[in-house]
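Peer 1:
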Amino acid sequence: MIAKVEPLTPARALRGPFDYLVPSRMSGVDIGSMLVVPFGRRRMLGVVVDLAEVSEVPADRLLEPLAALERDVPRELLRLGLEVAAEYCSTPARGLALVLPPGTGRGGRPGVTPRRELVAHLTDAGRRALGGEERLGSRQRAVLGGLSGGPAAAAAAARDAGGGHATLRTLERRGLVRLETLERRRRPSLAAVGARAEGPARLIPAQEAALAAIVARMDGPATSDRRLLLHGVTGSGKTEVYLRAVAAALERGRSAIVLVPEIALTPQTAGRFHDRFGDSVALLHSRLGAGERYDEWVRLRRGQARVCVGPRSAIFAPLSDIGLIVVDEEHDPSYKQESDPRYDARWVADRRAEQAGAVLVAGTATPRPESYRALRRLTLPERVDGRGLPPVELVGMVGAAGALHPRTREALEQVRDRGEKAIVLLNRRGWSNFLTCRSCARVWGCPQCDVSLVLHRSAGRLACHHCGHSEPAPAACPDCGSLSVARHGVGTERLEDELEAILDPLPVVRLDGDSTGGRTGVGELLRRFDAAPAGVLVGTQMVAKGHDFPAVTLGVVLDADATLRFPDFRSEERTFAMVAQLAGRSGRGAGGGRVIVQALDPGARSLGYAARHDADGFLTGELERRQALGYPPFGYLIRVVCSSREAGPEVVAARAVVDSVAGRSPGWGSVLGPAPLFRLKGRERAQLVVKASARSPAVAAVRDAVEAVSGDRAHRGVAFSVDVDPQ
Ligand code: ADP
Ligand code: ZN
Ligand code: ZN
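Numbering follows my numbering, in which position 477 of the sequence shown is assigned residue number 1187; successive positions increment by one, without gaps.
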């Protein structure tokens, strides 16, 4: 038998599959098997993507695999991984890397193995021996006595009885004890132990209707469209609907995947699934230890866990017979992977649901225009508790002195005086955005990127937010020696400082990429804010993610139209979502709530709709605008970035890609560019954007064009990155 093997290599140029002759002693080899194969002078790990009777390689040149691993990739996932690779212009190896068992390691030696433990059981003979007839040493008797209450870990049993391993082995030889190797699960810390919380006794009518629609599709004919958008305002009880839909899937003997934006930021959501379903829930996310992750994966693979909760990569969970896939907060940008393969978990979810015949539920208060148009809509128009959404006030900042508008300051003082809680969002880390010299106008920029450095005052450093470069904050200008350095703009660090002054003595908790180091950073800060009777949570977008803090009575967004000043067709959508989501955090309790939005242009369209909580109005207008411009969902975008160390080659290469794509595009679209991008991480960059009315021919054309140009020696030294559906 011939195995067609895709080698797992990061190299773009090396692409299989390659044929290997499977010897009869490796009879278990099948599609999905993982093999160690000889490759040139190296040995490599590969995955069998197909089997064949004959090979085109001459028999005397066919090699045999060196070994077959004990782990494999489920067939359905193998197909999905290859499909994602093709759809997002990546390589088969990188697509397969998404679906491999965790901790597979390199070169065939697994990085993670199951945790095994030797367990001792008392046999019937052992029980009789304890009864008296047989001669036993005192240690032997103690060991047997210790086991009479039930099996125990061998090491502990021997130790507790003052005996050693030899004592156990002797008892085993005499048939008085049975030793058995068992796998022991490494349990993630978030996993509750078998808890079962019931949830509210009854759903409100809108929830009931949404759940009924989901279940009807679960039971409906295979041909029907099973994709749903659960459009529910913040606090409308969406999570409760997911929980019941998951229960319905389990009752039908099927499994479920629940995608959440980021476990660390949404521990409440993941926790609720655990509380409801206990150990049938497996968590898969990057903060797990390697062993925990492996064990969770295996539990899913074996069907011991039937619900997987996790961020975007959880869409590749090894579950079979999936009945439901939930994408919670479907507008969240974290569903797009920003490194190759640049897949969109929402696209993968759609594909996987279709293949499995599962119902897809994308839920959010701020749907993407794509989902709003493509999916059948279920709506939860009101908060469960009957409380209205908080009033939103837009205030203009032109001419305002300082970071806070007088109205905002007043509202914060009121929070202080009444001992309430507020959340303040400013989507910019650090103390101030950039520094200039007051004498010679020097600007501190990154040596690797064409951007200015951000001051982080408590760290005493300037940092680049694009490449990680950092240097000590200057005491004087290195060019002219002036001691007068001006700090421009306000970031969360400085805002925290200002808020502390206003809110004293209430605590101010800052939540951003700098304040959340370590494994439990975010959860710890959120708990601290939750536990405080009053105070302020200040931070970047992180503060607006699905948190449920009933005591918050004020929400503030600073510089809300900053995103609108970037030339990106998604800025309106982003701005709307940011303001609407933050507004959703306010007024969840008996105290009611309000929201203040500061902007340079408070008349901006997206802000107006967000202030009126009018998602439908915003989306209707946004879809019209997108249609007129041919943007998604009325067209598809593919971005190609070429980069090189020296200026020049990247533009030449980008132009070659433009020409090559243009030559392959009969009527389905246009190519824009090449246009220069700012230097990043020491690389000069140029990009082109393909705008197409048909997706697959466009993807294929770009893939072929990039392959042709990157394979041309004239463009050596240029790196190519392709992004389908860029964010
Ligand atoms: P969303 O996900 O839409 O923000 P949640 O599902 O988190 O909303 O619900 C908000 C709060 O309301 C939660 O504390 C939840 O337990 C509660 N809740 C949900 N459904 C009901 C219901 N039918 N009756 C009473 N409380 C409910
Ligand atoms: Zn100077
Ligand atoms: Zn940089």
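Note that CB positions come from ideal geometry on N, CA and C, so glycine has one too.
Return the Cβ separation of Ala807 and Leu718 in integer angstroms, given the expectation that the two are a contact with Cβ distance under 8 Å.
Peer 2: Within the sequence shown, residue 807 is the residue found at index 97, counting from 1. Within the sequence shown, residue 718 is the residue found at index 8, counting from 1. So it is a contact: roughly 7 Å between Cβ atoms.
Peer 1: Can the beta-carbon of His1323 be found less than 8 Å from the beta-carbon of Leu1088?
Peer 2: Along the sequence shown, read from residue 1 onward, the residue named residue 1323 stands at position 613. Along the sequence shown, read from residue 1 onward, the residue named residue 1088 stands at position 378. Result no, Cβ atoms of His1323 and Leu1088 do not sit closer than 8 Å.
Peer 1: Quick one: what's Phe728 bridged to in DSSP?
Peer 2: In the sequence shown, the residue the question calls residue 728 occupies position 18. Paired residue(s): Val715.
Peer 1: Going by the CB atoms, is the gap between Ile1133 and Leu1247 shorter than 8 Å?
Peer 2: As a first step, residue 1247 is located in the sequence shown; it is residue number 537 there, counting from the start. As a first step, residue 1133 is located in the sequence shown; it is residue number 423 there, counting from the start. A contact, by the Cβ cut-off of 8 Å.
Peer 1: Bridge partners of Pro748, per DSSP?
Peer 2: Within the sequence shown, numbered from 1, the residue matching residue 748 stands at position 38. Paired residues: Arg753.
Peer 1: Please work out which residues of its chain come closer than 6 Å, Cβ to Cβ, to Gly791, disregarding the five sequence neighbours upstream and downstream, and give them in chain order.
Peer 2: Within the sequence shown, numbered from 1, the residue matching residue 791 stands at position 81. The answer, listed in chain order, is Gly805, Leu806, Leu808 and Val809.
Peer 1: Output the distance between the C-alpha atoms of Thr1230 and Gly873, rounded to the nearest integer angstrom.
Peer 2: Here residue 1230 corresponds to residue number 520 of the sequence shown, with the count starting at 1. Here residue 873 corresponds to residue number 163 of the sequence shown, with the count starting at 1. For Thr1230, the predicted model reports a pLDDT of 48, less than 50, meaning its position is unreliable; a value from the coordinates is still stated below. So the two alpha carbons sit approximately 41 Å from each other.
Peer 1: Would you report the Cα separation of Trp1226 and Gly1249, rounded to the nearest angstrom?
Peer 2: Locating residue 1226 in the sequence shown gives position 516, counting from the first residue. Locating residue 1249 in the sequence shown gives position 539, counting from the first residue. Trp is not the amino acid found at residue 1226; the sequence shown has Thr there. Answer to the nearest angstrom: the Cα atoms are 11 Å apart.
Peer 1: For Glu950, report the span of its alpha helix (DSSP H) as first-last.
Peer 2: Reading the sequence shown from its first residue, position 240 is the one you call residue 950. Glu950 -> alpha helix (DSSP H) spans Lys948 to Glu961.
Peer 1: If you run the structure through DSSP and keep just helix, strand and coil, what is Glu1473?
Peer 2: The displayed coordinates of the chain run from 711 to 1437. Any statement about residue 1473 would go beyond what the structure contains.
Peer 1: Measuring straight from C-alpha to C-alpha, what distance separates Val1161 and Arg826?
Peer 2: Position 451 of the sequence shown, counted from the first residue, corresponds to residue 1161. Position 116 of the sequence shown, counted from the first residue, corresponds to residue 826. Taking the straight line from one Cα to the other gives about 52 Å.
Peer 1: In three-state DSSP terms, what is His1323?
Peer 2: As a first step, residue 1323 must be located in the sequence shown, where it is residue number 613. Looking at His1323 - three-state DSSP - the assignment turns out to be coil, as it is neither helix nor strand.
Peer 1: Would you mind giving the Cβ-Cβ distance between Ser1353 and Glu1360, rounded to the nearest angstrom? I have them listed as a contact below 8 Å.
Peer 2: Residue numbering aside, residue 1353 sits at position 643 when the sequence shown is read from its first letter. Residue numbering aside, residue 1360 sits at position 650 when the sequence shown is read from its first letter. Indeed, because the Cβ distance is near 5 Å, the residues count as touching under 8 Å.
Peer 1: Measure the Cβ-Cβ separation of Arg1139 and Val1164 and say whether it is below 8 Å.
Peer 2: Numbered from 1 along the sequence shown, position 429 holds the residue referred to as residue 1139. Numbered from 1 along the sequence shown, position 454 holds the residue referred to as residue 1164. Yes, they are a contact pair.
Peer 1: Let me have the residue list for ligand 2: C-beta closer than 6 Å to any non-hydrogen atom, ordered along the chain.
Peer 2: The set, ordered by position in the chain, is Cys1147, Ser1149, Cys1150, Arg1152, Cys1187, Asp1189, Cys1190 and Ser1192.
Peer 1: Here's a check: name, in chain order, each residue in its chain whose Cβ is nearer than 6 Å to the Cβ of Thr944, leaving out the five neighbours to either side.
Peer 2: Working through the sequence shown from its first residue, we reach residue 944 at position 234. Within the same chain, Thr944 has close Cβ partners Ala1075 and Gly1294.
Peer 1: Roughly how many whole angstroms lie between the Cα atoms of Arg1197 and Thr1146?
Peer 2: For this step, residue 1197 is matched to residue 487 along the sequence shown. For this step, residue 1146 is matched to residue 436 along the sequence shown. Straight-line Cα distance between these residues: approximately 7 Å.
Peer 1: Throw me the rounded Cβ distance for the Leu828 and Leu889 pair, which I believe falls under 8 Å.
Peer 2: Here residue 828 is taken as the residue at index 118 of the sequence shown, counted from 1. Here residue 889 is taken as the residue at index 179 of the sequence shown, counted from 1. About 6 Å; that satisfies the 8 Å criterion.
Peer 1: What number of angstroms, rounded off, separates the C-alpha of Val1102 from the C-alpha of Cys1190?
Peer 2: For this step, residue 1102 is matched to residue 392 along the sequence shown. For this step, residue 1190 is matched to residue 480 along the sequence shown. When rounded, the distance between both Cα atoms is 48 Å.
Peer 1: What residue does the beta strand (DSSP E) around Leu790 start on, and which one ends it?
Peer 2: For this step, residue 790 is matched to residue 80 along the sequence shown. It is not in any beta strand (DSSP E) - Leu790 instead sits in the alpha helix (DSSP H) that spans Arg785 to Glu797.
Peer 1: Considering only heavy atoms of ligand 3, does any lie closer than 7 Å to the CB of Cys1018?
Peer 2: Here residue 1018 refers to the residue found at position 308 when the sequence shown is read from its first residue. The answer is no for Cys1018.
Peer 1: Does the region 1297-1315 come within contact of the region 1048-1062, defined as at least 3 CB pairs closer than 8 Å?
Peer 2: Too few Cβ pairs lie closer than 8 Å, so no.
Peer 1: How many Å lie between Gly1033 and Gln1337 at the Cα?
Peer 2: Within the sequence shown, numbered from 1, the residue matching residue 1033 stands at position 323. Within the sequence shown, numbered from 1, the residue matching residue 1337 stands at position 627. Going from the Cα of Gly1033 to the Cα of Gln1337 covers about 34 Å.
Peer 1: Just to confirm, does Val1161 get its C-beta within under 7 Å of one of the non-hydrogen atoms of ligand 3?
Peer 2: The residue given as residue 1161 occupies position 451 in the sequence shown. Checking the Cβ of Val1161 against ligand 3 gives yes.
Peer 1: In angstroms with no decimal places, state the Cα-to-Cα distance between Arg660 and Leu921.
Peer 2: With the chain covering 711 to 1437 only, the question about residue 660 has no answer from this structure.
Peer 1: So does His1166 have its beta carbon nearer than 7 Å to some heavy atom of ligand 5?
Peer 2: Because ligand 5 does not appear in the structure shown, any question about it cannot be addressed here, the ligands present being ligand 1, ligand 2 and ligand 3.
Peer 1: Starting from the C-beta of Ile877, find all residues in its chain whose C-beta is less than 7 Å away, skip the five residues before and the five after it, and write them out in chain order.
Peer 2: Mapped onto the sequence shown, residue 877 falls at position 167. First, the amino acid is wrong: residue 877 is Thr here, not Ile. For Thr877, where only same-chain residues beyond five positions count, the Cβ hits under 7 Å are Arg849, Gln850, Val853 and Ala868.
Peer 1: Any contact between the region 1028-1042 and the region 968-983? By contact I mean 3 or more CB pairs, one from each, below 8 Å.
Peer 2: The answer is yes - the region 968-983 touches the region 1028-1042, with three or more Cβ pairs under 8 Å.
Peer 1: Suppose only complete runs of 4+ residues qualify. What are the alpha helix (DSSP H) ranges in the region 1018-1067, listed by chain order?
Peer 2: Counting whole runs of 4 or more residues, the region 1018-1067 contains the alpha helix (DSSP H) stretches 1055-1066.
Peer 1: From Arg954 to Glu918, what does the alpha carbon distance come to, in whole angstroms?
Peer 2: Working through the sequence shown from its first residue, we reach residue 954 at position 244. Working through the sequence shown from its first residue, we reach residue 918 at position 208. Approximately 10 Å, taken between the alpha carbons.
Peer 1: Could you give the DSSP three-state label for Phe1259: helix, strand or coil?
Peer 2: Looking up residue 1259 in the sequence shown gives position 549. Note: Phe1259 maps to coil in three-state DSSP.
Peer 1: Is Ile973 helix, strand or coil by DSSP?
Peer 2: Walking along the sequence shown from the start, residue 973 turns up at place 263. Here Ile973 sits in coil by DSSP.
Peer 1: Sorry if obvious, but does the Cβ on His995 come closer than 7 Å to a heavy atom of ligand 3?
Peer 2: Translated into the one-based positions of the sequence shown, residue 995 becomes position 285. Checking every heavy atom of ligand 3 against the Cβ of His995, none is found closer than 7 Å.
Peer 1: Take Ile914 and list the residues in its own chain whose beta-carbon comes closer than 7 Å to its own, dropping the five residues that flank it on each side.
Peer 2: Walking along the sequence shown from the start, residue 914 turns up at place 204. Around Ile914: Gly947 and Val1094.
Peer 1: How about Gly1098: is its Cβ closer than 7 Å to a heavy atom in ligand 1?
Peer 2: Counting from one through the sequence shown, the residue named residue 1098 turns up at place 388. Every heavy atom of ligand 1 is 7 Å or more from the Cβ of Gly1098, so no.
Peer 1: Using beta-carbon positions only, say whether His1257 and Leu1274 come within less than 8 Å of one another.
Peer 2: Start at 1 with the first residue of the sequence shown, and residue 1257 comes out as number 547. Start at 1 with the first residue of the sequence shown, and residue 1274 comes out as number 564. No.
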